[in-house]
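Undergrad:
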Ligand SMILES: *Cc1c(COP(=O)(O)O)cnc(C)c1O
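In my numbering, the protein residues as written are 166 to 579.
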């Protein structure tokens, strides 16, 4: 299996919507077939519609805040005495993270389809928060399905969702977490697909959601490519792009425009959440060789026990705490286009300390995982290597954890 040049990766699936014959697809009940077929038709029509693309670009610029900054981390570079270190500061986007790109596109699709409301599932609550925020902007009603257990432990995001005028639907079945919220949201969609549009918050889920999300976050690498050429005059000989990987939407979006470059020129490094050093639990199915299983309607590498039951994850960063990973990343791993590794909770905290010591940048705990690996590797690289980290989230949301783990000094925001 190989990546075909000149074709967007999201379109390199077979007739069953599988990548590399093994990942993705639509493992869904028959009743979901119609709403998914309708959404697929809508997306394929609109992604080739000049008017729609203009609308998307308008809102990316005037609502999301594109392009986000591309900055050199001079002090960190000097301190490490290795590669040149840069950051793409995607956390400057509206809402403080990249999830707004996908949420915005879903609301634009809903509006075009004439539907009056959007529904979505959420685990940690960030996807729900962003969807509710975009729904408010575009005058759509919004329902967010969330496991009862997650509602208890993610109160700030639950409040934010409600503040945006959306309804939070508690799900009491099963483990009362994301997996159950997903099932419940899909059931609701089947019964209400004539007036409800469904969104999934990352490059996961049945195939169409993987493709819509990847298409949306690719804005990040479109911007980055022209920012790199502005900065260096042409594409440098050696670039390394570091990104944290949860479901995989920010990393996919950060890499997509560079897919056809030789991996020696533009290398992709995905950093998963290794969890606490002392714990066996993690959220790193690619790094630790998890087996293929079905989660969220798609085949993927997923943490599971010997009976094939999905295993619980553990990570300091709520955004990375997902047992599976996008089929696009499973494919990129198999064809060796991307390299995957993990950083522990402690690694991420150390990286946060170092970055904030030297720079005016406060990456949330998710991108701090990526910084951890980038910092370790940059030390050993020569100064003609360009290291770029996607700083995809703002640390403000992690204030309480930072204070608890690192002390008040590291949890000051103004
Ligand atoms: C949700 C989230 C992630 C993980 O999701 P991906 O789909 O892998 O990008 C990473 N960083 C931040 C800041 C998030 O909010």
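Using N, Cα and C, we set each Cβ at its ideal position, and we do this for glycine too.
Check whether the Cβ of residue 485 lies closer than 7 angstroms to any heavy atom of ligand 1, and answer yes or no.
TA: True, at least one ligand heavy atom lies under 7 angstroms from that Cβ.
Undergrad: What are the partner residues of residue 504, as DSSP defines its beta bridges?
TA: According to DSSP, which records beta bridges pairwise, residue 504 is partnered with 434.
Undergrad: Does the Cβ of residue 368 lie closer than 7 angstroms to at least one heavy atom of ligand 1?
TA: The answer is yes for residue 368.
Undergrad: Around the Cβ of residue 288, are there at least 16 other Cβ atoms within 10 angstroms (buried) or fewer (exposed)?
TA: That one is buried.
Undergrad: What span of residues does the alpha helix (DSSP H) with residue 495 cover, start to end?
TA: Start and end: 492 to 499.
Undergrad: Looking at residue 568 and ligand 1, is the gap between the Cβ and the nearest heavy atom below 7 angstroms?
TA: No, the beta carbon of residue 568 sits no closer than 7 angstroms to any heavy atom of ligand 1.
Undergrad: For the beta strand (DSSP E) containing residue 306, list its first residue and its last residue.
TA: Where residue 306 is concerned, the enclosing beta strand (DSSP E) stretches over 306 to 312.
Undergrad: Give the DSSP-derived three-state secondary structure of residue 257 in the structure shown.
TA: Reduced to three states, the DSSP call for residue 257 is helix.
Undergrad: Have a look at the DSSP bridge pairing and note the partners of residue 409.
TA: 436.
Undergrad: Give every residue of the same chain whose Cβ lies closer than 6 angstroms to the Cβ of residue 552, excluding the five residues on either side of it in the sequence, and list them in chain order.
TA: Excluding positions up to five away in sequence, the list reads 248, 250, 405, 539 and 543.
Undergrad: For ligand 1, is there any heavy atom lying closer than 7 angstroms to the beta carbon of residue 323?
TA: Checking every heavy atom of ligand 1 against the Cβ of residue 323, none is found closer than 7 angstroms.
Undergrad: How close, in whole Å, do the beta carbons of residue 457 and residue 466 come, if the pair is a contact with beta carbons under 8 angstroms?
TA: Correct: roughly 6 angstroms between the Cβ atoms.
Undergrad: Could you tell me which uninterrupted alpha helix (DSSP H) segments, each at least 4 residues in length, are contained entirely in the region 509 to 539, listed from first to last along the chain?
TA: Counting whole runs of 4 or more residues, the region 509 to 539 contains the alpha helix (DSSP H) stretches 510 to 523.
Undergrad: So the beta strand (DSSP E) residue 274 belongs to, where does it begin and stop?
TA: Here residue 274 belongs to no beta strand (DSSP E); instead the alpha helix (DSSP H) covers 264 to 277.
Undergrad: I'd like to know whether the C-beta atoms of residue 383 and residue 408 end up nearer to each other than 8 angstroms.
TA: No.
Undergrad: Please classify residue 447: does DSSP put it in a helix, a strand, or coil?
TA: Coil, per DSSP.
Undergrad: So the alpha helix (DSSP H) residue 551 belongs to, where does it begin and stop?
TA: Not the alpha helix (DSSP H): residue 551 falls in the beta strand (DSSP E), residues 551 to 555.
Undergrad: Using only the alpha-carbon positions, how far apart do residue 232 and residue 535 sit?
TA: If you take the alpha carbons of residue 232 and residue 535, they lie about 21 angstroms apart.
Undergrad: What residue range is occupied by the uninterrupted alpha helix (DSSP H) comprising residue 466?
TA: Note, residue 466: premise wrong, no alpha helix (DSSP H); beta strand (DSSP E) at 463 to 466.
Undergrad: Given a cut-off of 8 angstroms, decide if residue 433 and residue 516 are closer than it, judged by their beta-carbon atoms.
TA: No, they are not a contact pair.
Undergrad: My assumption, with CB atoms under 8 angstroms, is that residue 365 sits in contact with residue 285. Please give the rounded CB distance.
TA: Sure, about 7 angstroms apart at Cβ, within 8 angstroms.
Undergrad: What residues in its chain sit with their C-beta under 7 angstroms from that of residue 229, if we drop five residues either side in the sequence?
TA: Taken in chain order, the residues that qualify are 258, 259, 265, 266 and 269.
Undergrad: Out of 566, 571, 572 and 557, state which residue places its alpha-carbon closest to the alpha-carbon of residue 261.
TA: Selected option, being the one with the closest Cα: 557.
Undergrad: Which residues in the same chain as residue 418 place their Cβ atom closer than 8 angstroms to its Cβ, once the five residues preceding and following it in sequence are excluded?
TA: Same-chain partners within the cutoff: 263, 266, 379, 381, 382, 383, 384, 385 and 386.
Undergrad: For the region 296 to 309 against the region 274 to 285, are there 3 or more C-beta pairs whose distance is under 8 angstroms?
TA: The answer is yes - the region 274 to 285 touches the region 296 to 309, with three or more Cβ pairs under 8 angstroms.
Undergrad: Give me, in chain order, the residues of the same chain whose beta-carbon lies closer than 8 angstroms to that of residue 479; leave out the 5 immediate sequence neighbours on both sides.
TA: Closer than 8 angstroms at the Cβ level, and outside the excluded window around residue 479, lie 440, 441, 444, 446, 447, 448 and 486.
Undergrad: Heavy atom of ligand 1 less than 7 angstroms from the Cβ of residue 558, yes or no?
TA: Yes.
Undergrad: Could you tell me the alpha carbon to alpha carbon distance between residue 131 and residue 243, rounded to whole angstroms?
TA: Since the first residue of the chain shown is 166 and the last is 579, residue 131 is not available in this structure.
Undergrad: Could you tell me which residues DSSP puts in a beta bridge with residue 363?
TA: Paired residue(s): 284.
Undergrad: Are residue 506 and residue 452 closer than 8 angstroms when you measure CB to CB?
TA: Cβ atoms of residue 506 and residue 452: closer than 8 angstroms.
Undergrad: When DSSP labels each residue in this structure, what does residue 341 get in the three-state scheme?
TA: Coil at residue 341, not helix or strand.
Undergrad: Below 7 angstroms CB to CB, which residues in the same chain sit around residue 348 once its five sequence neighbours on both sides are set aside?
TA: Answer for residue 348: no residue qualifies.
Undergrad: DSSP state of residue 218, grouped into three classes?
TA: Residue 218 falls in the helix class under three-state DSSP.
Undergrad: So if DSSP puts residue 178 in a beta bridge, which residue, or which two residues, is it bridged to?
TA: Bridge partners of residue 178: 184.
Undergrad: Would you tell me roughly how many angstroms separate the C-alpha atoms of residue 389 and residue 547, rounded to the nearest one?
TA: Rounded to the nearest angstrom, the two C-alpha atoms are 22 angstroms apart.
Undergrad: What is the DSSP secondary structure of residue 488, counted as helix, strand or coil?
TA: If DSSP states are grouped into helix, strand and coil, residue 488 belongs with coil.
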